[in-house]
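A.B. asks: Here you go, one structure.
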Amino acid sequence: MTNQERFRYLYKQYTNRSCTRQEMEEFFAYIQDHSWKLLLEENAHQHFESIEPGTELPSVDWEHMYWQITGKGKVSGHENDLTANLQKPAALLIHLKRWKAIAAVLLLVTIAGLGYVFFSKERKQEKDIAAVSKAQVFAGNNKAVLTLNDGRQVVLDSTSQSLLSKEFGGRIAGLNSSSLNYRPDTSIAVTRLPEMNTISTPNGGEYKILLPDGTRVWLNAASSVSFPSVFDGNERNVTTTGEVYFEVASNKSKPFKINVNDATIEVLGTDLNINAYPEEAQVKTTLLNGSVRVSKGNNSRILKPGQQAQFSNNNNHIRLIEEADTEEAIAWKNGSFHFNSQPITGVMNQVARWYNMEVLYEGKRPEGHFSGILNRNTDLGTVLKSIELSGIHFRIESIPAGNKPGKLIVLP
0 MTNQERFRYL
10 YKQYTNRSCT
20 RQEMEEFFAY
30 IQDHSWKLLL
40 EENAHQHFES
50 IEPGTELPSV
60 DWEHMYWQIT
70 GKGKVSGHEN
80 DLTANLQKPA
90 ALLIHLKRWK
100 AIAAVLLLVT
110 IAGLGYVFFS
120 KERKQEKDIA
130 AVSKAQVFAG
140 NNKAVLTLND
150 GRQVVLDSTS
160 QSLLSKEFGG
170 RIAGLNSSSL
180 NYRPDTSIAV
190 TRLPEMNTIS
200 TPNGGEYKIL
210 LPDGTRVWLN
220 AASSVSFPSV
230 FDGNERNVTT
240 TGEVYFEVAS
250 NKSKPFKINV
260 NDATIEVLGT
270 DLNINAYPEE
280 AQVKTTLLNG
290 SVRVSKGNNS
300 RILKPGQQAQ
310 FSNNNNHIRL
320 IEEADTEEAI
330 AWKNGSFHFN
340 SQPITGVMNQ
350 VARWYNMEVL
360 YEGKRPEGHF
370 SGILNRNTDL
380 GTVLKSIELS
390 GIHFRIESIP
400 AGNKPGKLIV
410 LP
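Under numbering that gives the first Met the number 0, the sequence shown has 109 at position 110, and the numbering climbs by one with no breaks.
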């Protein structure tokens with residue numbers, strides 16, 4: 000059996016709800032590899048075209064599926080606790096009014112540990128779709144503000160280059176709406192003491208920076224990095240908030256240190272992602288290449304590539320994740336939302352930051368955990384319709400206006 004034949008077999012097994020745990024893990028490994036994207040879209044297209052309009056998906060024996068996947072059954076005549084608490088989503092009624100370009104929307108809904116995939120062209124609650132689509136909210140884009148040492152703020156776009164060139168004495172090599180490049184420390188003589196500057200992005204913004212030492216920095220929405228105009232000491236110190244990705248320029252004689260909350264991340268030369276949003280329970284440092292030391296209080300951890308350090312603001316304990324989901328950690332940098340067993344609050348926090356929305360919950364918050372990959376370069380309505388495949392509904396009450404966020408309601 001060729002790899003393509005194996006992929007089609009696993010796709011059929013999965014959509015027929017007959018995967019074993021081993022087959023499910025193998026299928027997930029395939030779909031996480033972007034080289035299989037076209038074949039996934041082809042199979043999805045064929046699958047949808049084979050469904051008659053108005054067809055209701057067959058009911059699922061959730062207990063049997065759970066036992067089949069996990070190998071666990073009833074104990075002493077009683078259901079397994081996990082199965083007993085399993086929420087059974089209603090069957091989806093799929094309407095095939097028209098076929099648009101395949102978006103390859105893949106939303107995995109993980110409830111009480113049971114993975115399940117829904118593919119759909121359109122949602123059955125058409126009135127909910129209309130409510131979401133009526134008010135279009137566009138995806139975030141490149142925008143940032145530079146706060147100078149004296150408190151002055153400059154919107155970073157091409158019109159600001161002459162002003163900043165005068166301010167920094169020719170240290171600006173390039174500036175536009177998406178990135179700011181400093182000239183290398185060695186190319187210009189230092190004529191005054193370094194000054195601290197902060198580049199920050201609002202909700203719905205992202206930005207790239209080339210620091211004076213050659214380190215490349217990517218800022219996600221609602222994030223910031225503070226750095227000196229020149230790294231002239233024995234160390235290179237920066238401070239971050241929100242979510243920031245670093246490609247640190249190697250300089251063994253001058254270590255690179257990142258201050259986040261009350262912790263320090265010491266770098267020699269490496270690629271890493273730091274997620275330190277205040278609304279998240281944990282600060283996460285994920286290492287892609289090289290090595291870093293994460294220190295908090297009297298505790299420290301040295302990370303190897305593929306590992307993640309987590310800590311909270313409440314204590315100095317640092318938790319080490321040996322095999323972190325690095326694709327999830329840097330998905331934002333690559334233009335995607337990547338959810339891996341996230342509660343609804345984790346999902347909506349990302350959506351709120353990127354689309355500049357205030358998220359409110361009407362009634363009880365939806366339970367369960369969610370996994371999946373969505374394109375974050377599409378409008379908010381498209382993203383919400385994909386999430387709605389899990390049975391959660393939304394209402395957009397207002398759209399962003401300038402710096403004022405819009406309002407998004409999560410319905411029970």
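Note that beta-carbon positions come from the ideal geometry of N, C-alpha and C, so glycine has one too.
Quick caveat: nothing in here was measured; it's all calculated off a predicted structure.
DSSP on Gln152, reduced to helix/strand/coil?
C.D. replies: Gln152: strand per DSSP, three-state reduction.
A.B. asks: Name the one or two DSSP bridge partners that Met195 has.
C.D. replies: Per DSSP, Pro227.
A.B. asks: How far does the alpha helix (DSSP H) with Phe6 in it extend, from its first residue to its last?
C.D. replies: Unbroken alpha helix (DSSP H) run through Phe6: 2-14.
A.B. asks: Just verifying my parser: in three-state terms, what is the DSSP assignment at Leu37?
C.D. replies: Leu37: helix per DSSP, three-state reduction.
A.B. asks: If you draw a straight line from the C-alpha of Glu357 to the C-alpha of Gln3, how long is it?
C.D. replies: Taking the straight line joining both Cα atoms gives about 44 Å.
A.B. asks: For Phe27, does the three-state DSSP call read helix, strand or coil?
C.D. replies: Residue state, collapsed to three classes: helix.
A.B. asks: For Gly405 and Asn355, which I take to be in contact (beta-carbon distance under 8 Å), what is that distance rounded to the nearest angstrom?
C.D. replies: Right, the Cβ-Cβ distance comes to about 7 Å (below 8 Å), so this counts as a contact.
A.B. asks: Are the beta-carbon atoms of Val237 and Asn258 separated by less than 9 Å?
C.D. replies: Closer than 9 Å, so yes.
A.B. asks: Answer with buried or exposed for Lys11, where buried requires no fewer than 16 other C-beta atoms within 10 angstroms of its C-beta.
C.D. replies: Result: exposed.
A.B. asks: Beta-carbon separation of Asn148 and Met195 under 9 Å?
C.D. replies: Closer than 9 Å, so yes.
A.B. asks: Identify, in the order they occur along the chain, each residue of the same chain with its Cβ nearer than 6 Å to the Cβ of Phe338, setting aside the five sequence neighbours on each side.
C.D. replies: Same-chain partners within the cutoff: Val346, Phe369, Ser370, Gly371.
A.B. asks: Could you tell me whether the segment 239-254 touches the segment 263-275, using the rule of 3 or more Cβ pairs below 8 Å?
C.D. replies: As far as the Cβ criterion goes, the segment 239-254 touches the segment 263-275, which means the pair count is three or higher.
A.B. asks: Tell me the DSSP bridge mates of Asp212?
C.D. replies: Asp212 pairs with nothing; no bridge assigned.
A.B. asks: Following the continuous beta strand (DSSP E) through Lys283, name the residue where it begins and the one where it ends.
C.D. replies: Where Lys283 is concerned, the enclosing beta strand (DSSP E) stretches over 282-288.
A.B. asks: Could you check which residue in Ser389, Leu388, Ile408 has the C-alpha nearest to that of Glu396?
C.D. replies: Answer by Cα proximity: Ile408.
A.B. asks: Answer with buried or exposed for His392, where buried requires no fewer than 16 other C-beta atoms within 10 angstroms of its C-beta.
C.D. replies: His392 comes out buried.
A.B. asks: Go through its chain and collect everything with a Cβ distance to Asn298's Cβ below 8 Å, but skip five positions before and after it.
C.D. replies: For Asn298, where only same-chain residues beyond five positions count, the Cβ hits under 8 Å are Asn315, His316, Ile317.
A.B. asks: Quick check for students: name the residue ranges of the beta strand (DSSP E) that lie wholly in the segment 228-302, counting only runs of 3 or more.
C.D. replies: Correct list: 235-246, 255-259, 262-266, 270-275, 282-288, 291-295, 298-302.
A.B. asks: Our contact map puts Ala262 next to Phe310 with C-beta atoms below 8 Å; I'd like the distance itself, whole angstroms only.
C.D. replies: That belief holds up - the Cβ atoms of Ala262 and Phe310 are roughly 6 Å apart, short of 8 Å.
A.B. asks: If the criterion is Cβ atoms closer than 9 Å, does the pair Gly232 and Pro183 meet it?
C.D. replies: No. Outside cutoff.
A.B. asks: To the nearest angstrom, how far is it from the Cα of Gln341 to the Cα of Thr284?
C.D. replies: Straight-line Cα distance between these residues: approximately 17 Å.
A.B. asks: What's the call for Ser17, buried or exposed, on a 16-neighbour Cβ count within 10 Å?
C.D. replies: The residue in question, Ser17, is exposed, as its Cβ has fewer than 16 Cβ neighbours within 10 Å.
A.B. asks: What residues in its chain sit with their C-beta under 6 Å from that of Gln152, if we drop five residues either side in the sequence?
C.D. replies: If we look at Gln152 and ignore the five residues flanking it on each side, its Cβ neighbours are Val144, Thr146.
A.B. asks: Would you grab the beta carbon distance between Ala275 and Thr240 for me? Rounded to a whole angstrom, and I think it's under 8 Å.
C.D. replies: Confirmed, about 6 Å.
A.B. asks: Got a sec, what are the start and stop residues for the alpha helix (DSSP H) Thr344 sits in?
C.D. replies: From DSSP, the alpha helix (DSSP H) with Thr344 extends over 343-354.
A.B. asks: Taking Cβ positions, are Leu155 and Leu179 nearer each other than 9 Å?
C.D. replies: Taking 9 Å as the Cβ cut-off, Leu155 and Leu179 qualify as a contacting pair.
A.B. asks: Which of the three DSSP states is assigned to Leu415 in this structure?
C.D. replies: In the structure displayed, the chain extends from 0 to 411; residue 415 sits before or after that span and is not available.
A.B. asks: Quick one: is Lys295 buried, meaning 16 or more other Cβ sit within 10 Å of its Cβ, or exposed?
C.D. replies: Label assigned to Lys295: buried.
A.B. asks: Beta-carbon separation of Glu321 and Arg292 under 9 Å?
C.D. replies: Not in contact: Glu321 and Arg292 (Cβ atoms no closer than 9 Å).
A.B. asks: Give the list of continuous beta strand (DSSP E) stretches no shorter than 3 residues that lie fully inside the segment 382-409.
C.D. replies: Whole beta strand (DSSP E) segments, 3+ residues: 392-397.
A.B. asks: If we ignore side chains and look at the alpha-carbon of each, how far apart do Glu279 and Gln160 end up?
C.D. replies: Using only the alpha carbons, I get a separation of about 35 Å.
A.B. asks: What is the DSSP secondary structure of Glu205, counted as helix, strand or coil?
C.D. replies: DSSP places Glu205 in strand when its eight states are reduced to three.
A.B. asks: Under a three-way DSSP split, which group does Leu163 fall into?
C.D. replies: It is helical.
A.B. asks: Using 10 angstroms around the beta-carbon of Ser34, count the other beta-carbons present and answer buried if the total reaches 16, otherwise exposed.
C.D. replies: So Ser34 counts as exposed.
A.B. asks: Taking only three categories from DSSP, how would you classify Glu327?
C.D. replies: It is helical.
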